[in-house]
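Structure first, commentary second.
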């Protein structure tokens, strides 16, 4: 019986079995941002420990950074304090740091791949649950807590139990107007928000084979929303073509050697999986969330569910979600009025996301009562988009065009919902209060669907709009 | 906790927080992550929900003041990897959590800071929550090694993965000391990874 990519990467990075039975796992690439790291550096200092491999950790700033202000010190005093903390920490430890002055700042899960830091066969960790994004390249990548950030800094290892592996195969083709975001929302809708606990998800089949790296990143990014800490796609020519020529990727002289190692690390044809799920790509519609977790999701032409459909605590969950969202059971989700439209986040802020959104927005006009903003995932994405004129398309349609950061995905910077505003959002979490207002309401969807909703002022089936 | 870090028993009263899929944004809203220490988080646990419930949240209910065992439902702690969530609960006085199930990163974060998370079937969680609501002064005692939870006259047999149980009982739930022991083995793995030390010539 063959091995999965998970098996091979795990074996290659296993330092030893710890007395408690977990694996001491070597972390090949460690990424750090300003929110979950200051306490880790503090704990390290308190124990008198040094950073073991400063050249295996890379830092940036994304969560708190303002996207409409570039002058230091920031007006937001707390943001300024957190920036000073990470600047001091990287300076004292020698960790490479991509701040705005480098032209390479951005959301940690956008810049890792963009710089070629993220490569197949690696183990990758970051104090951020969306680290699963990097699995798009065939890496085993997961989010860790701050104490584990400390562990990686001190030892380049963590204590972790090996997950089981579930192969999720999506066959066939996606319909026009259906995107990677819809695929992962459909998977989470089917398997539930805790269906992946204890599993790594291996995404396979025609639909993933045909996806670009940007699209694979969108899918792997939201693995954690389905409960799976790790999600990956086996590396292939699409991944290798993406990597070639990037700053930290193997150079041309080494590329063939690297490619062989990457190819060998992919799951064997006869690999054994702990579970398998098969989905038909044609069955997937543009998806929209109606509730307060990403599993509370439906096709844009479906009707909002009723608590009467289910029993027990689940009934309470639906009622609770509907109460928060102020939605009516049995009503269509299409036509729900929106107040804010947000294109951005580590899920959907890459160049292809912005192109899809711009294609829908072009020639339209955001109504005056809707606030719409586009927040590129990185400085490089922003530059590329501007070279293509996408910023002009968005501005002409009434969108704000911002600097790179996490922005309204989690509203740790000044971009926040107000009161009970409804936001059509290309981000990853529709949790209560997620976008900065405890009463705020989030509808997750693809960037194209967000652009469609922005222009129409309400949730709209992007398939019904002229597709460029 | 004993002086040597071993966590074998947790005793105290309980507080039930009902609901499935209670995410870490609800446990600690992101605006409280704008801070370079964990020390001030305790008062902000469940802050937005508590405000909306206007004093009716269990964390504001005087009957549950001083509780050290939190009893929750399914998939507690889903979402973000923020260690701020268990840190806020710990600084609020929570020493153990009993639930139907937990999100993976949250569970690991709790373990690393010394909060055992034990699981019971849904019906028994319901029974334990009701018991605490009816008799909030009920003394709870968790035997971490065996997984036995006694609540007044009632007893429950909870589960904890063997590796995690071992970590608490031996006092090695904070893995750093063990990780630091394998200095040479860490170097060996580092040195054999081609993406770090160089690709072989072809």
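Chains as they are written, first to last, in this note's numbering: chain A, 1 to 468; chain B, 469 to 670.
Every residue gets a Cβ at the ideal spot worked out from N, C-alpha and C, and that includes glycine.
For residue i, go through chain A and note every residue whose CB falls closer than 7 Å to its CB, in chain order.
| i | result |
| --- | --- |
| residue 626(B) | Result: empty, since nearest Cβ-Cβ is about 17 Å, beyond 7 Å. |
| residue 497(B) | 433 |
According to DSSP, is residue i helix, strand or coil?
| i | result |
| --- | --- |
| residue 262(A) | helix |
| residue 29(A) | strand |
| residue 484(B) | strand |
| residue 468(A) | With a pLDDT of 43 at residue 468(A), under the threshold of 50, the predicted position of this residue should be treated as unreliable, and no value is reported. |
| residue 38(A) | helix |
| residue 423(A) | strand |
| residue 213(A) | helix |
| residue 516(B) | helix |
| residue 10(A) | helix |
| residue 565(B) | strand |
| residue 147(A) | helix |
| residue 2(A) | strand |
| residue 386(A) | helix |
| residue 664(B) | helix |
| residue 156(A) | coil |
| residue 431(A) | coil |
| residue 46(A) | helix |
| residue 579(B) | helix |
Which residues in chain B sit within 8 Å of residue i, going by Cβ to Cβ distance?
| i | result |
| --- | --- |
| residue 431(A) | 491, 493, 494, 547 |
| residue 198(A) | 572 |
For residue i, does the count of other Cβ atoms within 10 angstroms reach 16, so buried, or fall short, so exposed?
| i | result |
| --- | --- |
| residue 275(A) | exposed |
| residue 645(B) | exposed |
| residue 652(B) | exposed |
| residue 511(B) | exposed |
| residue 20(A) | buried |
| residue 369(A) | exposed |
| residue 17(A) | exposed |
| residue 173(A) | exposed |
| residue 635(B) | buried |
| residue 121(A) | buried |
| residue 272(A) | exposed |
| residue 382(A) | buried |
| residue 106(A) | buried |
| residue 1(A) | exposed |
| residue 468(A) | Any reading at residue 468(A) must be qualified, since the residue scores a pLDDT of 43, below 50, and its modelled position is unreliable; no value is offered. |
| residue 418(A) | exposed |
| residue 70(A) | exposed |
| residue 421(A) | buried |
| residue 91(A) | exposed |
Run through chain B and tell me which residues come within less than 9 Å of residue i, C-beta to C-beta.
| i | result |
| --- | --- |
| residue 154(A) | 644, 647, 648 |
| residue 421(A) | What residue 421(A) touches in chain B: nothing, since even the nearest Cβ is about 15 Å away. |
| residue 438(A) | 497, 515, 516, 517, 519, 520 |
Apart from the five residues just before and just after residue i, which ones in its own chain have a Cβ nearer than 6 Å to its Cβ?
| i | result |
| --- | --- |
| residue 415(A) | 407, 408 |
| residue 590(B) | 568 |
| residue 539(B) | 482, 484, 566, 596, 597 |
| residue 503(B) | none |
| residue 584(B) | 564, 612, 636 |
| residue 660(B) | none |
| residue 217(A) | 133, 136 |
In chain B, what lies closer than 7 Å to residue i by C-beta?
| i | result |
| --- | --- |
| residue 20(A) | 631, 634, 635, 640 |
| residue 127(A) | 549 |
| residue 250(A) | 667 |
Tell me which residues share the same chain as residue i and place their Cβ nearer than 7 Å to its Cβ, disregarding the 5 neighbours each side in the sequence.
| i | result |
| --- | --- |
| residue 509(B) | 496, 500, 552, 555, 556, 559 |
| residue 205(A) | 169, 170, 171 |
| residue 385(A) | 351, 354, 376, 391 |
| residue 358(A) | 390, 393, 394 |
| residue 475(B) | 469, 582, 584, 612, 636, 641 |
| residue 513(B) | 495, 496, 527, 556, 557, 560 |
| residue 304(A) | 290, 327, 328, 329, 330, 331, 333 |
| residue 462(A) | 177, 286, 360, 448, 449, 452 |
Using a C-beta to C-beta distance shorter than 8 Å, which residues of chain A count as neighbours of residue i?
| i | result |
| --- | --- |
| residue 597(B) | The premise fails here: residue 597(B) is roughly 11 Å from chain A at the closest Cβ pair, so nothing lies under 8 Å. |
| residue 616(B) | Those do not exist, as residue 616(B) stays about 21 Å from chain A at its closest Cβ, beyond 8 Å. |
So which residues of chain A does residue i contact, with C-beta pairs closer than 9 Å?
| i | result |
| --- | --- |
| residue 577(B) | 144, 145, 146, 147, 148 |
| residue 569(B) | 194, 197 |
Cutting at 8 Å between CB atoms, please list the residues of its own chain near residue i, excluding the five before and the five after it.
| i | result |
| --- | --- |
| residue 413(A) | 63, 64, 65, 66, 67, 76, 79, 405, 406, 407 |
Name the chain E residues that come within less than 8 Å of residue i, Cβ to Cβ?
| i | result |
| --- | --- |
| residue 26(A) | In the displayed structure, chain E is absent; the protein chains listed are A and B. |
#### Entry: Inside the stretch 581 to 643 of chain B only - beta strand (DSSP E) runs reaching at least 3 residues
585 to 587, 608 to 611, 616 to 619, 622 to 625
### Query
Considering only residues of the stretch 272 to 357 of chain A, which uninterrupted alpha helix (DSSP H) runs meet the minimum length of 4 residues and lie entirely inside it, listed in chain order?
312 to 325
### Query
Where are the alpha helix (DSSP H) runs, 4 residues long or more, that stay fully inside the stretch 81 to 144 of chain A, in chain order?
108 to 114
### Start-end ranges of the beta strand (DSSP E) lying completely within the stretch 486 to 555 of chain B, minimum 3 residues
537 to 539
### Task
Output the residue ranges of the beta strand (DSSP E) runs that lie fully inside the stretch 171 to 254 of chain A and measure 3 residues or longer, sorted by chain position.
199 to 204, 230 to 233
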